[in-house]
Amino acid sequence: MPATPPDPQNYHPQEPSRRPRRLRSTPAMRELVAETALRPADLILPMFIADGITEPREINSMPGVYQHTTDSLLRAAHEALDAGVRCVDLFGVPLPEDKDATGSAAWNPEGVLNRGVQALRAEFGDDLLVMADTCLDEFTDHGHCGVLRTDRHGATIVDNDATLPCYQAMAVAQAQAGAHIVSPSGMMDGQIAAIREALDEGGYQDVAIMAYSAKYASAFFGPFREAVGSSLNGDRRAYQQDPANARESLLEVELDIAEGADFVMVKPALPYLDILHRVAQTSPVPVAAYQVSGEYAMIQAAGQRGWVDGQQVMMESLLSIKRAGANQILTYFATEAARLLR
Ligand code: PBG
Numbered sequence: 001m002p003a004t005p006p007d008p009q010n011y012h013p014q015e016p017s018r019r020p021r022r023l024r025s026t027p028a029m030r031e032l033v034a035e036t037a038l039r040p041a042d043l044i045l046p047m048f049i050a051d052g053i054t055e056p057r058e059i060n061s062m063p064g065v066y067q068h069t070t071d072s073l074l075r076a077a078h079e080a081l082d083a084g085v086r087c088v089d090l091f092g093v094p095l096p097e098d099k100d101a102t103g104s105a106a107w108n109p110e111g112v113l114n115r116g117v118q119a120l121r122a123e124f125g126d127d128l129l130v131m132a133d134t135c136l137d138e139f140t141d142h143g144h145c146g147v148l149r150t151d152r153h154g155a156t157i158v159d160n161d162a163t164l165p166c167y168q169a170m171a172v173a174q175a176q177a178g179a180h181i182v183s184p185s186g187m188m189d190g191q192i193a194a195i196r197e198a199l200d201e202g203g204y205q206d207v208a209i210m211a212y213s214a215k216y217a218s219a220f221f222g223p224f225r226e227a228v229g230s231s232l233n234g235d236r237r238a239y240q241q242d243p244a245n246a247r248e249s250l251l252e253v254e255l256d257i258a259e260g261a262d263f264v265m266v267k268p269a270l271p272y273l274d275i276l277h278r279v280a281q282t283s284p285v286p287v288a289a290y291q292v293s294g295e296y297a298m299i300q301a302a303g304q305r306g307w308v309d310g311q312q313v314m315m316e317s318l319l320s321i322k323r324a325g326a327n328q329i330l331t332y333f334a335t336e337a338a339r340l341l342r
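For the sequence shown, full-length UniProt numbering assigns the number 1 to the initial residue and increments by one for each residue that follows.
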């Protein structure tokens, strides 16, 4: 027996509130009541500089993102600044033969990352903030974010405390090269205190620390491994956070702020908006979020196939990250999004 379709004439609501839809009626009205807006200056562009290349090299799994030469790095940074982006975050891709067990190319003033920082600072002065990634994984031959040792049961582990002096040397080298901000992303305990102390002792009291505080052991980092030519076999679950957990993010943030973090960060962004929201509700320092390589790759891949409107999904995802509470967003879309916002 087919059901009789309801007759709209018979529906007489008591007094439907027209409040919700009144405020959505026209573009002007929608703009009037918009609670969140993106600004180009909210966006931070992560960039890669590679040693030993003469032409920029596009990263397969990140269409539109390149391993740069110094020249192409400066050109792309100019494009970002022209679009209104005020900060870039630089990662180094050393030659395989320059990797070693401790990642010593990271604190070599002539290492690829430090040369890149120097070139950016020389080109832009204080007009464009230069942030440097302060982590060893691009520079170690085993690909871990710290130095290894064998524990008393014979297992190979990342040695937390032996890694800290390496981070200190790296941060000081980056400050010396001209970084305005260093960004420890290795998830070692005590890394913020160690780096703050080394920077202050080196006379770099003015260099800020953006702490990757709540960083999860995430499969969304996949394309990044290609981007930096990572040598990692295995995973980082013994030092990055378990995606099952929220509470420990609050502890990580609290510890990092107590140790001197000027910014805290949540990473990845979109799959962790709940974490971002919780952190943003209580943090007394600015809260950044990192829309990571896999988030970028998925939007690009679906956009290229025409399965979603890539540009709209890009803007919606960034707006959602901002709405959840991010003050700054690290995103490979920074230049493109900033252009649309101008
Ligand atoms: C580690 C680092 C990673 C990313 C930023 N810093 C990789 C990792 O922890 O495995 C990932 C960034 C991205 O995926 O866009 N130095």
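Glycine included, C-beta positions come from ideal geometry on N, C-alpha and C.
Any chance you could list the alpha helix (DSSP H) runs of at least 4 consecutive residues sitting entirely within the stretch 200-264, in chain order? Segments of the alpha helix (DSSP H) lying fully in the stretch 200-264: 222-227 and 247-259.
Would you say the beta carbon of Arg19 comes nearer than 7 Å to a heavy atom of the ligand NAP? Among the ligands modelled here, namely the ligand PBG, the ligand NAP does not occur.
Nearest-angstrom Cα distance between Leu319 and Tyr290? As a position in the sequence shown, residue 319 is number 319, starting the count at 1. As a position in the sequence shown, residue 290 is number 290, starting the count at 1. Taking C-alpha positions only, Leu319 is separated from Tyr290 by approximately 13 Å.
Taking 8 Å as the limit between beta carbons, can you name the residues of its chain near Val93, skipping five residues before and five after? In the sequence shown, counting from the first residue as 1, residue 93 sits at position 93. For Val93, where only same-chain residues beyond five positions count, the Cβ hits under 8 Å are Phe48, Ile49, Ala50, Asp51, Gln67, Val112, Glu138, Ala227, Val228 and Gly229.
Check whether the stretch 193-202 and the stretch 244-264 are in contact - that is, three or more C-beta pairs closer than 8 Å. By the C-beta criterion, the stretch 193-202 is judged to be in contact with the stretch 244-264, since at least 3 inter-stretch pairs fall below 8 Å.
Determine the extent of the alpha helix (DSSP H) in which Tyr332 is found, giving its start and end residues. Walking along the sequence shown from the start, residue 332 turns up at place 332. Segment: none, Tyr332 is in no alpha helix (DSSP H) and carries neither H nor E.
When the Cβ atoms of the stretch 203-223 are set against those of the stretch 265-276, are three or more pairs found closer than 8 Å? Taking 8 Å as the limit for Cβ pairs, the verdict is that the stretch 265-276 does touch the stretch 203-223.
Can you give the Cα-Cα distance for residue 381 and Ser218, rounded to whole angstroms? Residue 381 lies beyond the range of the chain shown here (1 to 342); nothing can be said about it.
Can you tell me which of Leu341, Leu330 and Ala324 puts its alpha carbon nearest to the alpha carbon of Glu35? On the sequence shown, residue 35 is found 35 positions in, with the first residue counted as 1. If we check each option's Cα against that of Glu35, Ala324 comes out closest.
What residue ranges within the stretch 3-73 form continuous alpha helix (DSSP H) runs of no fewer than 4 residues, ordered along the chain? Within the stretch 3-73, the complete alpha helix (DSSP H) runs of at least 4 residues are 19-22 and 27-33.
Measuring from the CB of Phe139, is there a heavy atom of the ligand PBG at a distance below 7 Å? For the purposes of this step, residue 139 is identified with residue 139 of the sequence shown, where counting begins at 1. Phe139: no, Cβ never under 7 Å from the ligand PBG.
Can you check DSSP and say which residues form a bridge with Ser183? Stepping through the sequence shown from its first residue, residue 183 is reached at position 183. Partner(s): Asp133.
Can the beta-carbon of Val117 be found closer than 8 Å to that of Gln174? Translated into positions along the sequence shown, residue 117 becomes position 117. Translated into positions along the sequence shown, residue 174 becomes position 174. Yes; because the gap between Cβ atoms is below 8 Å, this pair is in contact.
Restricting to Cα atoms, I'd like to know which of Tyr272, His180 and Ala132 is closest to Ala246. As a working mapping, residue 246 is identified with position 246 in the sequence shown. Of Tyr272, His180 and Ala132, the residue nearest in Cα terms is Tyr272.
Tell me the rounded alpha-carbon separation between Ser183 and Ala269. Locating residue 183 in the sequence shown gives position 183, counting from the first residue. Locating residue 269 in the sequence shown gives position 269, counting from the first residue. Looking at the two C-alpha atoms, the distance is approximately 17 Å.
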